[in-house]
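Residue numbers (full-length UniProt numbering): 1 to 305.
1) In the DSSP assignment, the alpha helix (DSSP H) including residue 69 goes from what residue to what residue?
2) Cα-Cα, which of 41, 93, 106 and 120 is closest to residue 299?
3) Whose C-beta lies closer than 8 Å to the C-beta of residue 25 among residues of the same chain, with five residues either side of it excluded?
4) Between which two residues does the alpha helix (DSSP H) holding residue 95 run?
5) With DSSP collapsed to three states, give me the class of residue 48.
6) Considering only C-alpha positions, which residue in the set 183, 115, 294 and 17 is nearest to residue 3?
7) I'd like to confirm the pairing. Which residues does DSSP put opposite residue 86 in its beta bridges?
8) On the CB-based measure, 16 or more other CB atoms within 10 Å of its CB, does residue 179 come out buried or exposed?
9) For the alpha helix (DSSP H) containing residue 27, name the first residue and the last one.
10) In or out: residue 161 buried (at least 16 other Cβ within 10 Å) or exposed?
11) Just tell me which of 301, 263 and 193 has its CA closest to the CA of residue 134.
12) Return helix, strand or coil for residue 105, following the three-state DSSP convention.
13) DSSP on residue 2, reduced to helix/strand/coil?
14) Is any heavy atom in the ligand ATP found nearer than 7 Å to the beta carbon of residue 170?
15) Look at the alpha carbon of residue 52 and the alpha carbon of residue 23, and state the distance between them as a whole number of angstroms.
16) Since residue 122 and residue 214 are thought to touch, with beta carbons under 8 Å apart, how far apart are those beta carbons, to the nearest angstrom?
17) Hey, would you say residue 81 sits closer than 8 Å to residue 102, going by beta carbons?
18) If contacts are defined as beta-carbon pairs under 8 Å, then residue 85 and residue 297 qualify, I think. What distance do you get, rounded to the angstrom?
19) Which one or two residues does DSSP pair with residue 42 in a beta bridge?
20) Can you find the residues in the same chain that come closer than 7 Å, C-beta to C-beta, to residue 183, ignoring five residues on each side of it along the sequence?
21) Would you report the Cα separation of residue 172 and residue 293, rounded to the nearest angstrom?
22) Apart from the five residues just before and just after residue 72, which ones in its own chain have a Cβ nearer than 6 Å to its Cβ?
23) Does DSSP put residue 56 in a helix, in a strand, or in coil?
24) Can you tell which of 217, 59, 212 and 181 has the C-alpha that lies nearest to the C-alpha of residue 191?
25) Do residue 286 and residue 127 come within 8 Å of each other at the CB atom, strictly closer than that value?
26) What are the partner residues of residue 121, as DSSP defines its beta bridges?
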């Protein structure tokens, strides 16, 4: 089947760099003799016209030039259609791209669009919110909110906001109800729900996370002496916390880490929420469930997760 590509460019993320990316995509795709079109993403998430275009013109690939928020928005709108998705990372964190093995350099990411292999990728729902990478509540959601209000994004700004919020951080109360009905309470600084292993910027929070295993990785950073908090998170990022019996961990571990395809989180103190790094309204409780094989993502052929 002849390939037909739509490049979707976020006109905001990546600033002036996006113009160079567009020119490179035009040059390379033209040289390969593949029909293509370059379009802008929509801040309101309305892709009805693009859906009609994909079906009418038999578009085979939608390549997203942007960051995690753009990937979330586009795959949410189009994942039910028979297209493959590609990513040319141009955001502040690029967590899903990094987790999928997509190169951060534009030339290499573009080359992968033509040499890679499309593989099914899971997503998940948090109530009515769609997430394709990592969502959570508590400390990191407050960081996401403060980060979103800054004029300049990037790793430095994210670290800066993390430090500011660390000083003010306090635990929130949750009740976690697992699939089998077992429930427990936790005072936690934050809870992360991961399909990818990435916070973004190569910061790995769920080392065992796979993009297509039908499981979500749940990381609960429980109340502890604040002086120990950075070291506990660092151990988790390095993958040194091995999953043990959950009941034992609740009393002995600062960080709980387990896998499940669904769970209910009762948000007893109304901790803030983020979805793929973007702040969202909080709620009394969060019903979380995996969306198995939600969309097809172009990845390196040798990618294992």
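Beta carbons are placed, not taken as given, at the ideal position from N, Cα and C, and that holds for glycine.
By the coordinates alone:
1) The sequence position of residue 69 within the chain shown is 69, counting from 1. Segment 68-78, the alpha helix (DSSP H) holding residue 69.
2) Locating residue 299 in the chain shown gives position 299, counting from the first residue. Ranking 41, 93, 106 and 120 by Cα distance to residue 299 puts 120 first.
3) For the purposes of this step, residue 25 is taken as the residue at position 25 of the chain shown. Excluding residues within five positions, the ones whose Cβ falls inside 8 Å are 7, 36, 38, 63, 65, 88 and 110.
4) For the purposes of this step, residue 95 is taken as the residue at position 95 of the chain shown. From DSSP, the alpha helix (DSSP H) with residue 95 extends over 95-99.
5) As a first step, residue 48 must be located in the chain shown, where it is residue number 48. The answer is helix: DSSP assigns residue 48 an H, G or I state.
6) Residue 3 sits at position 3 when you count from the first residue of the chain shown. Cα-wise, what sits closest to residue 3 is 115.
7) Numbered from its first residue, the chain shown carries residue 86 at position 86. DSSP lists 63 as partners of residue 86.
8) For this step, residue 179 is matched to residue 179 along the chain shown. The residue is exposed, with fewer than 16 neighbouring Cβ atoms inside 10 Å.
9) Translated into the one-based positions of the chain shown, residue 27 becomes position 27. Here the alpha helix (DSSP H) through residue 27 covers 17-31.
10) By 1-based counting over the chain shown, the position of residue 161 is 161. Note that residue 161 scores 44 on pLDDT, short of 50, meaning its location in the model is unreliable; the coordinates nonetheless yield the value given after this. Under this definition residue 161 is a buried residue.
11) Reading the chain shown from its first residue, position 134 is the one you call residue 134. Comparing Cα-Cα distances from residue 134 to each of 301, 263 and 193, the minimum goes to 193.
12) To locate residue 105, count along the chain shown from 1; it is residue 105. Residue state, collapsed to three classes: coil.
13) By one-based count along the chain shown, residue 2 stands at place 2. Coil at residue 2, not helix or strand.
14) For the structure depicted, the ligand ATP is absent and the ligand set is empty, with no information on it obtainable.
15) Indexing the chain shown from 1 puts residue 52 at position 52. Indexing the chain shown from 1 puts residue 23 at position 23. So the alpha carbons of these two residues sit roughly 26 Å apart.
16) Sequence index remark: in the chain shown, residue 122 carries index 122 (1-based). Sequence index remark: in the chain shown, residue 214 carries index 214 (1-based). Going by Cβ atoms, the distance from residue 122 to residue 214 rounds to 6 Å, so yes, they are a contact pair.
17) On the chain shown, position 81 is the one that residue 81 refers to. On the chain shown, position 102 is the one that residue 102 refers to. Result no, Cβ atoms of residue 81 and residue 102 do not sit closer than 8 Å.
18) One-based indexing of the chain shown puts residue 85 at position 85. One-based indexing of the chain shown puts residue 297 at position 297. Residue 85 to residue 297, Cβ: 5 Å. Contact.
19) Taking the first residue of the chain shown as position 1, residue 42 is located at position 42. Residue 42 pairs with nothing; no bridge assigned.
20) As a first step, residue 183 is located in the chain shown; it is residue number 183 there, counting from the start. Correct list, in chain order: 175, 176 and 177.
21) Looking up residue 172 in the chain shown gives position 172. Looking up residue 293 in the chain shown gives position 293. Each residue's Cα considered, the two are about 33 Å apart.
22) One-based indexing of the chain shown puts residue 72 at position 72. Same-chain partners within the cutoff: 132 and 276.
23) The residue you call residue 56 lines up with position 56 of the chain shown. Of the three classes helix, strand and coil, the one that applies to residue 56 here is helix, per DSSP.
24) What you label residue 191 is simply residue 191 of the chain shown in a count that begins at 1. Among 217, 59, 212 and 181, the Cα nearest to that of residue 191 is on 217.
25) By 1-based counting over the chain shown, the position of residue 127 is 127. By 1-based counting over the chain shown, the position of residue 286 is 286. A contact, by the Cβ cut-off of 8 Å.
26) Counting from 1 along the chain shown, the entry for residue 121 is found at position 121. DSSP output for residue 121 lists 295 as bridge partner(s).
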